[in-house]
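Novice: Numbering (this note's numbering), first residue to last: 489 to 1139.
The C-beta atom is built at its ideal place from N, Cα and C for all residues, glycine as well.
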Ligand SMILES: Cc1cc2nc3c(=O)[nH]c(=O)nc-3n(C[C@H](O)[C@H](O)[C@H](O)COP(=O)(O)OP(=O)(O)OC[C@H]3O[C@@H](n4cnc5c(N)ncnc54)[C@H](O)[C@@H]3O)c2cc1C
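1) Would you check whether ligand 1 has a heavy atom nearer than 7 angstroms to the C-beta of residue 582?
2) Using a threshold of 8 angstroms, state whether the C-beta atoms of residue 679 and residue 572 are closer than that.
3) Counting beta carbon pairs with one atom in the segment 525 to 540 and one in the segment 902 to 916, are three or more of them shorter than 8 angstroms?
4) So, helix, strand or coil for residue 686, using DSSP?
5) If the criterion is Cβ atoms closer than 8 angstroms, does the pair residue 729 and residue 545 meet it?
6) By Cβ distance, which residues of its chain are closer than 6 angstroms to residue 710, with the 5 residues on each side in sequence left out?
7) Can you grab the Cα-Cα spacing for the pair residue 681 / residue 547, in whole Å?
8) Just curious, the alpha helix (DSSP H) that residue 771 is in, first and last residue?
9) Where does residue 551 land, buried or exposed, given buried means 16+ other C-beta within 10 angstroms?
10) Take residue 616 and list the residues in its own chain whose beta-carbon comes closer than 6 angstroms to its own, dropping the five residues that flank it on each side.
11) Three or more C-beta pairs closer than 8 angstroms, one from the segment 727 to 747 and one from the segment 573 to 583: is that the case here?
12) At which residue ranges does the segment 558 to 635 contain complete beta strand (DSSP E) runs of 3 or more residues, listed in the order of the chain?
13) Going straight from the alpha carbon of residue 642 to that of residue 922, what length do you get?
14) What separation, rounded to the nearest whole angstrom, lies between the Cα atoms of residue 858 and residue 647?
15) Count the C-beta pairs between the segment 816 to 827 and the segment 762 to 775 that are closer than 8 angstroms, then say yes if the count reaches three, no if not.
16) In the DSSP assignment, what residue or residues form a beta bridge with residue 1071?
17) Do residue 577 and ligand 1 come close, with the Cβ less than 7 angstroms from some heavy atom?
18) Which runs of the alpha helix (DSSP H) at least 4 residues long sit entirely within the segment 703 to 737? Give them in chain order.
19) Among 969, 950, 764, which one has its Cα closest to the Cα of residue 889?
20) Please name the residue in 697, 993, 1031, 733 whose C-alpha comes closest to that of residue 899.
21) Hey, out of 740, 757, 667, 703, whose CA is closest to residue 1062's CA?
22) Could you tell me the distance, in whole angstroms, from the CA atom of residue 797 to the CA atom of residue 654?
23) Per DSSP, which residues does residue 1039 bridge with? Please list them.
24) Once DSSP output is grouped into helix, strand and coil, what is the label at residue 474?
25) Given this structure, state the Cα-to-Cα distance separating residue 1003 from residue 1064, to the nearest angstrom.
26) If you drop the 5 nearest sequence neighbours on each side, which residues of the same chain put their C-beta closer than 7 angstroms to that of residue 592?
27) Buried or exposed for residue 606, going by 16 or more other Cβ atoms inside 10 Å?
28) Would you report the Cα separation of residue 672 and residue 577, rounded to the nearest angstrom?
29) On the three-state DSSP scale, how would you describe residue 1016?
30) Please confirm whether residue 1030 and residue 986 have their CB atoms less than 8 angstroms apart.
31) Kindly examine ligand 1 and report whether one of its heavy atoms sits closer than 7 angstroms to the Cβ of residue 907.
32) Between the Cα of residue 575 and those of 587, 562, 555, spot the shortest distance and give me the residue it belongs to.
33) Could you check if residue 739 is buried or exposed, using at least 16 other CB atoms within 10 Å of its CB as the buried criterion?
34) Roughly how many whole angstroms lie between the Cα atoms of residue 565 and residue 855?
35) Please go through the same chain and pick out, in chain order, the residues whose beta-carbon is closer than 6 angstroms to the beta-carbon of residue 1115, but skip the five residues on each side of it.
36) Would you kindly work out how many angstroms separate the C-alpha atoms of residue 872 and residue 795, rounded to a whole number?
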């Protein structure tokens, strides 16, 4: 079966994506031609079929909220929620700090909006942020009504705290530093109370099914276990909601759990959807790093709150790391700290530094940080008597599947919410504790939109295709992929490292080179998704020749007004990635960089991002066209002032 072009995506022109102000990025001299990525995941023929009105994929804050709200809005609807592992195994349960919402009398959505725009360094979509901050307080109150037990003041009011980048106390929290766990518990309890939501755990979604007109009509998926739903099957649904979370596992060290393999973004790329802002990955500076053990996968987070209490970063000789680097020293913005640590680690040839909290005393350490202390002690490190070994780790993906403010992607009938989506609220850097809120707000809006009428797609055009294991990457090379990404496209990036990474990604897991026989299965599907997402991320990171937000280029140290816009990544039906640039108008908050005078023209991009995506689809058209006369791209970098959020972004 051949790929059916998605006419809804390719024929509905979005001026912001197709105007002459958005030239296609071209391949830079010397860069490798872009590898052809699988346009569908190799898998056996679907052996079973389920029907639903709405299928929700993922069971973190976004997926659970979407499922519950669809049921509330459409009581007669059949909702099916599928999730890759157990219900509570996404990032949500690991969230510590809390949820941001303008709930205090002295706070306002306008203040929250401003703080969010400052953190996003010119790339937030103000309309999306407006929705986030306006709908947010009601969604948080509803969560409390649903049963989430947030920390309260003696008077019974929600206890609000402040985090880096917020100029007001607006962080709702639970169990001190266990907010995500409580949110997940409350949502799962509500879901379990509604017997009419069907849940399938251990169900790994593979690819989108589309009808002859390119509308989402369901998904293929693989279910582990016994019974008729075992193996590869198909869910046919009138609407598909992707809530698959982040992609931290593309790096060797991450705070994200093992399920965060970028499956949703990879699926969306294969479905022809627009993906954007992938280059903006937030790294957390202080994940626990066990000396002598190669970091692989999820690492325990050592909260910024410890530095807030006075702990300091030191090297093995006990020398402080941050004084002189930033006025806030150890409390500098998260990405500033991560970058300085990475530079020092490279210079000293070490894989970790230390967070020294010993001077805080055992009483404070044990009272304020019981979880961190327990985690450290379980690895043989006692924060009371020893400095804690730490290293930066991938933490949050600000980019993802581009959606409008109703969660619609550029593929009709396909919705996305939570970390997998790029609603436009984070821009170049996420403000602390805005991500749980984003999941709550935009998942609810998808349900509200569906309440206006469920789509009516036709029959899927390729539900029963047997593709065997064609095109799958070799999962034996997963650690190698993570190493390559960490070394070349991690905290520190420059043209040479990104070029090397692009080249290595062509080979990593490539069975034509390794000669390995790869069986279709969860390991190979995840590896293929990781490689797809990594390739798209590197293409965007190399194209953006400036430093902005969480994207730090060693060779382009400053922000540049000419780059005030989004890099949109699309995959064509042959599996080739294309990158285009869509400028955005000033947000009224982020100051100009003083540059932007560079000439328009094609931009160099790695990994052969050679094809111009066609229109982005009606679903994203409400973002508006590019401003007249704006510079779409630059051929050369022109030095400019900084346009960075100087406040921290902690959570
Ligand atoms: C350590 C840590 C601390 C954090 N602290 C905060 C904080 O204090 N405040 C804040 O706002 N944010 C915080 N964040 C970020 C926040 O937790 C996440 O952005 C948010 O929880 C994402 O929610 P989600 O529903 O989009 O995804 P997740 O909660 O990650 O859920 C994704 C779901 O999709 C499923 N899935 C994935 N792939 C597939 C597939 N192929 N098929 C089927 N199912 C699939 C997963 O199994 C999972 O159920 C933190 C994150 C981490 C890791």
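Specialist: Taking the definition as stated:
1) For ligand 1, at least one heavy atom lies less than 7 angstroms from the Cβ of residue 582.
2) At the C-beta level, residue 679 and residue 572 stay beyond 8 angstroms of one another.
3) Verdict: no, contact absent.
4) If DSSP states are grouped into helix, strand and coil, residue 686 belongs with the strands.
5) Against a cut-off of 8 angstroms, the Cβ pair of residue 545 and residue 729 comes out as a contact.
6) These residues qualify, in order along the chain: 692, 720.
7) A straight-line Cα-Cα distance of about 15 angstroms links residue 681 and residue 547.
8) For residue 771, no alpha helix (DSSP H) run applies; the uninterrupted beta strand (DSSP E) run containing it begins and ends at 769 to 776, by DSSP.
9) Buried is the call here.
10) Within its own chain, the residues whose Cβ lies closer than 6 angstroms to the Cβ of residue 616, once the five positions on either side in sequence are excluded, are 893, 911, 912, 913, listed in chain order.
11) Contact check between the segment 727 to 747 and the segment 573 to 583: three or more CB pairs, one atom from each, fall below 8 angstroms, which counts as touching.
12) DSSP runs (the beta strand (DSSP E)) wholly in the segment 558 to 635: 567 to 570.
13) The straight-line gap from Cα to Cα measures roughly 26 angstroms.
14) Using only the alpha carbons, I get a separation of about 20 angstroms.
15) Short answer: they touch.
16) In the DSSP output, where bridge partners are listed per residue, residue 1071 has 1053.
17) At least one heavy atom of ligand 1 is nearer than 7 angstroms to the Cβ of residue 577, so yes.
18) Listed in chain order, there is nothing to give.
19) Residue 764 is the option with its Cα nearest to residue 889.
20) With respect to the C-alpha of residue 899, the residue from 697, 993, 1031, 733 having the closest C-alpha is 697.
21) That would be 757, whose Cα lies nearest to the Cα of residue 1062.
22) Roughly 18 angstroms between the two C-alpha positions.
23) The partner list for residue 1039 (beta bridge, DSSP) reads 1036.
24) The structure shown does not extend to residue 474, since the chain is modelled only from 489 through 1139, so no value can be given for it.
25) If you take the alpha carbons of residue 1003 and residue 1064, they lie about 23 angstroms apart.
26) So the qualifying residues of the chain are 648, 656, 657, 658.
27) Burial call: buried.
28) Between residue 672 and residue 577, the C-alpha separation is close to 9 angstroms.
29) Helix at residue 1016.
30) Closer than 8 angstroms, so yes.
31) Yes, ligand 1 has a heavy atom inside 7 angstroms of this Cβ.
32) Selection 587, 562, 555 evaluated against residue 575 yields 555 as nearest (Cα-Cα).
33) Answer is buried; the Cβ neighbour count reaches 16.
34) Their Cα atoms are separated by approximately 48 angstroms.
35) Bear in mind that a pLDDT of 28 at residue 1115, under 50, signals an unreliable position, so the number given afterwards is only what the model happens to contain. Only 1073 meet the Cβ criterion.
36) For the pair residue 872 and residue 795, the Cα-to-Cα distance works out to about 14 angstroms.
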